[in-house]
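Chemist:
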Amino acid sequence: MLKGRCLIDPADFTREEFRELFDLAHQIVANPEKYSKSCEGKILATLFYEPSTRTRFSFEAAMLRLGGKVIGFSEPNSSSVAKGESVADTIRTIECYADIAVMRHPKEGAPRVASQYLTTMPLINAGDGGHQHPTQTLTDILTIERLKGSVENKTYGFCGDLKFGRTVHSLIKFLSNYEGVKFILISPEELRVPEYIREEVIRKKGIPFEEVQQIEPYMNQLDFLYMTRVQRERFFNEEDYIRLKDRFILDMEKMKYAREDTYILHPLPRVNEISIEVDKDPRAQYFAQAKNGMYVRMALILKLLGIY
Ligand code: CP
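The working numbering numbers the first residue of the sequence shown as 753 and each following residue consecutively.
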């Protein structure tokens, strides 16, 4: 029963609860019209303290497609945040006006802190610093299931910035609960997954994994290659960013090493890490993934509001 709950970290829901959510998301994909009035009279608040295209627009589109309404800010300085209002006071105020809220924040843990000030309104973490991005994980899992039926017994390659990439941290955390998964972690030494993910998640769950620094030799092992952007905004100095940003670029030359059933995912936005030429390859699924994000967020809103 997800009614009234917050989603801050993938560990907040059980495997069974996620299953119910994905089953609903698949039903919405098959027949979105059926749900077009489900949220009439409900309001979603979007609190984006950091820039976003997909997460904010897909949440807003999700609520509008469910028949609900949306309020919020995408520029915190247009709100009383500019006057120094705390996250705690902001979220308590939003609870007076909205039925459900979504927050993206540059500080790790900010949505968790905010959730502790709520009485009944569900809050969804839309990304907190370099920590977690659970609804991107929902997007990724729905995409994986639509392409290959289930997440189990698959080899997942993660490539790029695995240190600051919150989408990678959330997805690894989620997948580590499933049987037969294996990870190939492809990154420069400086951008390896954080120790807490390697030790407390991957090793603790006994998941086989390799940490490597090349894509080509591993391509033919992969069911999915999850590319990520080297995130300029998370670096302390520009020199390191420039040195590392183009280390892994997926182009058609590298795609020759991939199997016919190896799918390429990316949470987007991309900068240089996937050449535009790859977009035409049917194995490139990152724009379909962005669309799935809207459907799975429709399912999440319906579940947290207790409508389905
Ligand atoms: N994938 C993702 O979080 O994209 P945005 O930053 O555009 O929301």
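Glycine included, each C-beta is placed from N, C-alpha and C at the ideal position.
For arginine 981, which residues in the same chain have their Cβ closer than 7 Å to its Cβ, ignoring the five residues on either side in sequence?
Modeler: So the qualifying residues of the chain are Gly912, Asp913, Pro1021, Arg1022, Val1023, Glu1025.
Chemist: Do you know how far the Cα of phenylalanine 809 is from the Cα of arginine 1049?
Modeler: Distance between the alpha carbons of arginine 1049 and phenylalanine 809: 11 Å.
Chemist: So which of Tyr1009, Asn929, Gly932 has the shortest CA-CA distance to glutamine 966?
Modeler: The candidate whose alpha carbon is nearest that of glutamine 966 is Tyr1009.
Chemist: Could you tell me which of Pro886, Lys957, Leu1052 sits nearest to aspartate 775, measuring between CA atoms?
Modeler: Residue Leu1052 is the option with its Cα nearest to aspartate 775.
Chemist: What is the DSSP secondary structure of phenylalanine 809, reduced to helix, strand or coil?
Modeler: DSSP places phenylalanine 809 in helix when its eight states are reduced to three.
Chemist: If you follow the alpha helix (DSSP H) that aspartate 841 is part of, which residue opens it and which one closes it?
Modeler: Aspartate 841 -> alpha helix (DSSP H) spans 839-847.
Chemist: Specify, as a first and last residue, the run of the alpha helix (DSSP H) that arginine 856 falls within.
Modeler: Segment 852-857 is the beta strand (DSSP E) holding arginine 856; no alpha helix (DSSP H) there.
Chemist: Examine the Cβ distances between the region 912-927 and the region 886-901 and report whether three or more of them are shorter than 8 Å.
Modeler: Yes, they touch.
Chemist: Looking only at its own chain, which residues have a Cβ that is under 7 Å from the Cβ of tyrosine 869, when we skip the five neighbours before and after it?
Modeler: Closer than 7 Å at Cβ, skipping near neighbours: Ala840, Ile843, Arg844.
Chemist: Aspartate 1086 by DSSP, collapsed to three states: which one?
Modeler: Given a span of 753 to 1060 for the chain in the structure shown, any question on residue 1086 remains unanswerable.
Chemist: Cβ of tyrosine 993 within 8 Å of Cβ of arginine 999?
Modeler: No, these two residues do not count as a Cβ contact at 8 Å.
Chemist: Taking all protein chains shown into account, do 16 or more other C-beta atoms lie within 10 angstroms of the C-beta of tyrosine 1038, making it buried, or fewer, making it exposed?
Modeler: Label assigned to tyrosine 1038: buried.
Chemist: If you draw a straight line from the alpha carbon of aspartate 764 to that of glutamate 947, how long is it in whole angstroms?
Modeler: Spanning the two alpha carbons is a distance of roughly 21 Å.
Chemist: Can we count leucine 1020 as close to the ligand CP, meaning its CB is less than 7 Å from some heavy atom?
Modeler: At least one heavy atom of the ligand CP is nearer than 7 Å to the Cβ of leucine 1020, so yes.
Chemist: Less than 7 Å between the CB of arginine 986 and some heavy atom of the ligand CP, yes or no?
Modeler: Checking every heavy atom of the ligand CP against the Cβ of arginine 986, none is found closer than 7 Å.
Chemist: What is the residue span of the beta strand (DSSP E) that aspartate 880 lies within?
Modeler: It spans 875-880 - the beta strand (DSSP E) in which aspartate 880 sits, taken as one unbroken run.
Chemist: Can you confirm whether the region 864-880 touches the region 899-906 when touching is taken to mean that 3 or more C-beta pairs between the two stretches lie within less than 8 Å?
Modeler: No, they do not touch.
Chemist: In whole angstroms, what separates the C-alpha of glutamate 990 from that of glutamate 942?
Modeler: Spanning the two alpha carbons is a distance of roughly 14 Å.
Chemist: Give me the residue from Ile936, Pro858, Lys997, Arg767 with the minimum Cα distance to proline 960.
Modeler: Among Ile936, Pro858, Lys997, Arg767, the Cα nearest to that of proline 960 belongs to Ile936.
Chemist: Name the DSSP bridge partner or partners of glutamine 966?
Modeler: Partner(s): none; glutamine 966 has no beta bridge.
Chemist: Using CA atoms only, rank isn't needed, just tell me which of Tyr1047, Asp851, Gln884 is closest to isoleucine 780.
Modeler: Ranking Tyr1047, Asp851, Gln884 by Cα distance to isoleucine 780 puts Tyr1047 first.
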